[in-house]
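*Asks:* Here it is, the structure, as structure tokens.
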Amino acid sequence: MSLTIQQENIKPLSEVVFRVAESQQKVATNTLVDTLQEQRILEELLDRVKPPIPYDCQQYDYLVYTPFRYPPLKHGSRFGKKMHPSIFYGSKKLDTAFAELAYYRFVYYDGMMALPKKKQKVTQHASFSVELETQKGVALNESPFNKLKHKISNPNSYGDSQKIGEEMRVKEVEAFTYFSARADEEVNVGIFSCKVIASYMPNALQHWSCITRDRSVTIRSLDDRWSSISFELDQFLVDGVLPAPAV
Numbered sequence: 003m004s005l006t007i008q009q010e011n012i013k014p015l016s017e018v019v020f021r022v023a024e025s026q027q028k029v030a031t032n033t034l035v036d037t038l039q040e041q042r043i044l045e046e047l048l049d050r051v052k053p054p055i056p057y058d059c060q061q062y063d064y065l066v067y068t069p070f071r072y073p074p075l076k077h078g079s080r081f082g083k084k085m086h087p088s089i090f091y092g093s094k095k096l097d098t099a100f101a102e103l104a105y106y107r108f109v110y111y112d113g114m115m116a117l118p119k120k121k122q123k124v125t126q127h128a129s130f131s132v133e134l135e136t137q138k139g140v141a142l143n144e145s146p147f148n149k150l151k152h153k154i155s156n157p158n159s160y161g162d163s164q165k166i167g168e169e170m171r172v173k174e175v176e177a178f179t180y181f182s183a184r185a186d187e188e189v190n191v192g193i194f195s196c197k198v199i200a201s202y203m204p205n206a207l208q209h210w211s212c213i214t215r216d217r218s219v220t221i222r223s224l225d226d227r228w229s230s231i232s233f234e235l236d237q238f239l240v241d242g243v244l245p246a247p248a249v
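Residue numbers (the working numbering): 3 to 249.
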């Protein structure tokens with residue numbers, strides 16, 4: 003069966019999309035200054051050397067526009083090659099977004115093997131949701147594409163998914179859904195442009211602490227001390243090996 007997108011596959015898509023972002027800049031700058039005013043000035047200076055905010059994203063909150071601001075990593079992303087503009091990735095459920103976060107924390111921790119390791123690595127994150135509305139969506143988790151889940155959501159390779167991502171761009175698809183490669187049968191969402199995000203500000207904003215150890219990731223709420231979720235390394239292994247994000 004072909005991965006080709008036909009015109010009849012392009013349909014309206016309406017979703018609430020959850021995303022988790024690392025609260026890196028504010029935590030980092032806070033350790034370098036003594037007052038809130040100094041922190042604001044430092045963050046403004048840092049902002050000037052970052053890539054420009056895309057024109058379509060100017061009116062959105064930084065949590066919403068940031069995924070569109072930076073180029074992809076050297077290996078690209080699941081649906082974007084390294085020469086393509088970045089994609090806003092999220093999930094239909096918050097727990098699925100946490101599973102994606104846990105996978106990448108394990109990848110990061112595994113990449114530290116050549117360096118002296120702490121027993122754990124603690125990072126701060128924010129979760130939020132946005133509302134997606136588009137007439138040009140594709141549901142890769144539904145028929146006929148669900149039969150190609152092993153290619154589109156291959157945990158070891160982005161090769162096939164990047165090809166279909168390129169085709170969606172050519173056919174002016176604005177957003178899409180697909181099966182997560184890290185949370186079985188759960189669904190992720192990709193958005194090509196800010197203009198189909200109906201919410202300028204993030205909704206359902208929550209703050210979290212993520213504790214990464216060699217074989218587990220625990221995500222704990224900073225707003226509700228009873229709320230947490232944990233993932234084991236074994237959940238993400240394929241044939242006993244942690245897949246690397248790569249083509």
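We put the beta carbon where it would ideally sit given N, CA and C, even for glycine.
Keep in mind it's a predicted model, so treat the numbers as computed, not measured.
1) Can you give the beta carbon distance from Lys94 to Val191, rounded, assuming they're within the 8 Å contact cut?
2) Flag this pair as yes or no: are the beta carbons of Cys196 and Tyr111 separated by less than 8 Å?
3) In three-state terms, what does DSSP make of Ser232?
4) Measuring alpha carbon to alpha carbon, tell me which of Phe100, Phe108, Val132 and Gly139 ends up nearest Gln122.
5) Taking Leu235 as the reference, give the member of Arg184, Val189 and Leu207 with the closest Cα.
6) Can you give the Cα-Cα distance for Phe81 and Leu5, rounded to whole angstroms?
7) Who are the near neighbours of Ala30 in its chain, counting only those whose CB is closer than 6 Å to its CB and skipping five residues on each side?
8) Cα separation between Asn32 and Ile231?
9) How close, in whole Å, do the beta carbons of Val189 and Asn156 come, if the pair is a contact with beta carbons under 8 Å?
10) Determine the contact status of Phe233 and Val219, defining contact as a CB-CB distance below 8 Å.
*Replies:* According to the structure shown:
1) 6 Å
2) No. Outside cutoff.
3) strand
4) Phe108
5) Arg184
6) 13 Å
7) The pLDDT assigned to Ala30 is 45, lower than 50, so where the model puts this residue is not dependable; a value taken from the coordinates is nonetheless given after this. Same-chain partners within the cutoff: there are none.
8) Its pLDDT being 44, under 50, Asn32 is placed unreliably in this model, and the coordinates cannot settle the point.
9) Val189 to Asn156, Cβ: 16 Å. No contact.
10) yes
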